[in-house]
């Protein structure tokens with residue numbers, strides 16, 4: 683099963699969240715909740731198969 687690690691930062695580089703999931707819908711919902719308070723998010727996606 684392939685997981686993706688998501689690292690979410692504010693526009694100024696402040697760390698906000700990091701998590702792994704294999705459900706893109708879950709990731710989108712979790713990131714959208716942060717986007718309400720930080721509209722200019724930087725989201726980095728990397729494979730997390732370990």
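Residue numbers (my numbering): 683 to 732.
Backbone N, C-alpha and C fix where the C-beta goes; we use that ideal spot for every residue, glycine too.
Note that the structure is a prediction, hence the values are computed from the model and not measured.
- Residue state for residue 684 is assigned as coil, using DSSP reduced to three classes.
- Between residue 686 and residue 729, the C-beta spacing is below 8 Å.
- Residue 725 has its alpha-carbon roughly 11 Å from the corresponding atom of residue 695.
- Secondary structure at residue 699: strand, using DSSP grouped into helix, strand and coil.
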